[in-house]
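What follows is a single structure, written as structure tokens, with notes after it.
In the numbering used here, the protein residues as written are 41 to 320.
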């Protein structure tokens, strides 16, 4: 099944890929730095003396042994920052989906404004009349509650989070263990601060990607055809702003639609109506 590459979805995919690449680069970089510092084992000199050309190195006025110890813990801290980042990118995309439904007359702005991170997918499901994948939603809400514990509760798990960790369905649990290498209850237990690892980060990226794709599929069939045709032409005009003559636009349009909007299979009649509304 193919997705519709409307502008906000392309932007979401671009943001998601760039975030993933940057996060993985930081994780790999911390490990590379840790290994490189092993070459300085036994040195009593501080980092600014050994690596004076490194920007901001004076902020780490540490011995190489101390720096190596910090880098060994970097994955935990980077993941704690990166998981909320990945979820925030997805939550912003959900709001852009609401924008399409509003434009199509199937949702109000007040309904979109009232949707929170814990309820936004349920609101979307109600509006499109279809369910998102249950296993992915279970995983999303568990990782979201873990995120909330880290950000809002000093890392301490609340009873609702602990309960959620025991209620994953068989499929959701199997996928969780496959991606993270651990049962979620090993990360979530009473009195023990919640922590993230590389595994939870991979899971957050994978789960939000799958949910976003499913939302795209559902929007394809739910958003009014006229709205899709208008979106496609507006997108084309933005991407080909240099084209001024109608003949040039009509010549370029089929290739653009084939690249980004092929799953919609917009008819010539639908496009002609959209062209009239756009003043072509």
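Each residue gets a CB set at the ideal place from its N, CA and C atoms; glycine is no exception.
Predicted model only: the values in this text are computed from it and were never measured.
- With a cutoff of 8 Å on beta-carbon distance, residue 118 and residue 187 are scored as not near each other.
- The beta carbons of residue 254 and residue 172 sit about 5 Å from each other, so the pair counts as a contact at 8 Å.
- DSSP places residue 47 in the uninterrupted alpha helix (DSSP H) bounded by 47 to 77.
- Counting the other Cβ atoms within 10 Å of the Cβ of residue 197 gives 16 or more, which makes it buried.
- Within the same chain, Cβ atoms closer than 6 Å to the Cβ of residue 260 are found at 44 and 303, the five residues on either side in sequence being excluded.
- Membership of residue 184 in the alpha helix (DSSP H) is indicated by the continuous run 174 to 192.
- Annotation for residue 129: 52, 55, 56, 59 and 248 place their beta carbon closer than 8 Å to its own, counting only its chain and skipping 5 residues before and after.
- Cβ neighbours of residue 74 within its own chain (closer than 7 Å, five residues either side excluded): 108, 111 and 112.
- The DSSP-derived three-state label of residue 102 is coil.
- Distance from the CA atom of residue 223 to the CA atom of residue 242, rounded to whole angstroms, is 15 Å.
- DSSP places residue 208 outside any alpha helix (DSSP H), giving it a letter other than H or E.
- Residue 143 is a Cβ neighbour of residue 267, given a cutoff of 8 Å.
- Within the region 254 to 285, the complete alpha helix (DSSP H) segments at least 4 residues long are 265 to 279, listed from N- to C-terminus.
- The alpha carbon of residue 308 has as its nearest neighbour, out of 81, 265 and 190, the alpha carbon of 265.
- Counting along the chain, the unbroken alpha helix (DSSP H) around residue 149 starts and ends at 149 to 154.
- For residue 313, the enclosing alpha helix (DSSP H) covers residues 308 to 318.
- Assigned with DSSP and collapsed to three states, residue 232 falls in strand.
- A direct Cα-Cα distance of roughly 10 Å separates residue 216 from residue 176.
- When the Cα atoms are used, residue 204 and residue 42 turn out to be separated by approximately 33 Å.
- Looking at the backbone, the Cα of residue 192 and that of residue 262 are separated by about 36 Å.
- Around the beta carbon of residue 299, a 10 Å sphere encloses fewer than 16 other beta carbons of the protein chains shown; the residue is thus reported as exposed.
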